[in-house]
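Protein chains: 2
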Amino acid sequence: MLKITRKVEYALIALRHMQSNPLDKLTSAKEIATLYGIPQQLLAKTLQQMARDGIIEAVQGPAGGYRILAKLDRISLKDFFEKLEGPLGMMDCYFDSDCIQIGACNIRIPIQRINDNMRNMFAQMTLQEVTQ
Amino acid sequence: MLKITRKVEYALIALRHMQSNPLDKLTSAKEIATLYGIPQQLLAKTLQQMARDGIIEAVQGPAGGYRILAKLDRISLKDFFEKLEGPLGMMDCYFDSDCIQIGACNIRIPIQRINDNMRNMFAQMTLQEVTQ
DNA sequence: GATATATACGACATTTTTAATCGTATATAT
DNA sequence: ATATATACGATTAAAAATGTCGTATATATC
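From first to last, the protein sequence lines stand for chains A and B.
Here the first sequence is numbered in our numbering, starting from 40 and rising by one per residue.
Here the second sequence is numbered in our numbering, starting from 40 and rising by one per residue.
Following this line, the structure appears as structure tokens:
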């Protein structure tokens, strides 16, 4: 439990790799995939999603690839996680209110407190800190 | 991602329920299961595990059940989570060193930093805070 | 001492989520 | 034209989480 997904892991690896190169250099999904032993198509999808989210920029065609677009020190880990995986909550009831128990549940409030702590923690860390 | 398991959720519900009663009162798995709409056998296993861990005490036989044994304000959420679910890490590589990438991985150190932050956060919260 | 009710727990089955692959379309440098 | 790259919906495979079954043991009560 409390694990991050491969998608997020692959995204971080890719960002860190691009970060270590001149920022205008284009890097292909294939290059990163072979270098770090990641399934290429899966990585490609993740990169495409990050491109849609404006984190990186995509250039098509041969000699195409991706490069970092956003200021990584302006994106919190919370925002990054939520861009890739949706709302961040330790329990589904944090967002979905259609829990069967509804009135019966006795830990909703305390759980939300923990949740807020966690979200707050990730809100205070930037992507830059992880990828630099 | 970053979700807690039902097992932990059920454990917290049970502890909070017992906490709201006189501390010497025995509560059966059945009672909690019906009250909160939880699968009884699954809850029972979780309670048994907590009993093995010394968090609660089990009394067998009819009119038996469970009651809180440990000082909940002395158990951190980190320890509680780890008792129930094992080592706490956002990525498996935090503990298992048998990652395929091994040398290639470029985010090991940064991930460990995030991980330490998270573990630290849960180490500073007590079970008492959640169940009182 | 028979019975009913509770915990104890390994093994199995089901469900859900995550991870990976497939197939096809589009863009573009050479 | 061709080769190589991104784009992306659909499907499959694998893994993890969740739930159930069956059986054993303890013990209060009649």
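By construction, the Cβ of each residue, glycine as well, lies at the ideal position given by its N, Cα and C atoms.
Closer than 7 Å to chain A by CB, residue i
| i | result |
| --- | --- |
| residue 169 of chain B | yes |
| residue 49 of chain B | no |
| residue 42 of chain B | yes |
| residue 57 of chain B | no |
| residue 154 of chain B | no |
| residue 124 of chain B | yes |
| residue 78 of chain B | no |
| residue 89 of chain B | no |
| residue 72 of chain B | no |
| residue 52 of chain B | yes |
| residue 68 of chain B | no |
Cutoff 7 Å: residue i Cβ touching any chain B Cβ
| i | result |
| --- | --- |
| residue 60 of chain A | no |
| residue 114 of chain A | no |
| residue 83 of chain A | no |
| residue 101 of chain A | no |
| residue 75 of chain A | yes |
| residue 146 of chain A | yes |
| residue 143 of chain A | yes |
As assigned by DSSP and simplified to three states, the class of residue i
| i | result |
| --- | --- |
| residue 148 of chain B | helix |
| residue 95 of chain A | strand |
| residue 85 of chain A | helix |
| residue 165 of chain B | strand |
According to DSSP, residues forming a beta bridge with residue i
| i | result |
| --- | --- |
| residue 107 of chain B | B:95 |
| residue 59 of chain B | Answer by DSSP bridge pairing: none, since residue 59 of chain B is not bridged. |
| residue 1 of chain B | Missing from the structure shown is residue 1 of chain B; chain B here goes from 40 to 171 and no further. |
Residue i vs residue j beta-carbon contact at 7 Å
| i | j | result |
| --- | --- | --- |
| residue 166 of chain A | residue 114 of chain A | yes |
| residue 105 of chain A | residue 94 of chain A | no |
| residue 152 of chain B | residue 127 of chain B | no |
| residue 145 of chain A | residue 55 of chain B | yes |
| residue 123 of chain A | residue 47 of chain A | yes |
| residue 71 of chain A | residue 97 of chain A | no |
| residue 83 of chain B | residue 68 of chain B | yes |
| residue 49 of chain A | residue 143 of chain B | no |
Nearest-angstrom beta carbon gap, residue j and residue i [assumed within contact, 8 Å]
| i | j | result |
| --- | --- | --- |
| residue 58 of chain A | residue 163 of chain A | Between residue 163 of chain A and residue 58 of chain A the Cβ distance is about 20 Å, and since that is not below 8 Å, they are no contact. |
| residue 160 of chain B | residue 43 of chain A | With a Cβ gap of about 15 Å, residue 160 of chain B and residue 43 of chain A do not count as contacting. |
| residue 148 of chain A | residue 129 of chain A | Residue 148 of chain A to residue 129 of chain A, Cβ: 14 Å. No contact. |
| residue 86 of chain B | residue 169 of chain B | Contact doesn't hold; Cβ gap of about 17 Å is too wide. |
| residue 65 of chain A | residue 125 of chain A | With 8 Å as the limit, residue 65 of chain A and residue 125 of chain A do not qualify as a contact, their Cβ atoms being about 29 Å apart. |
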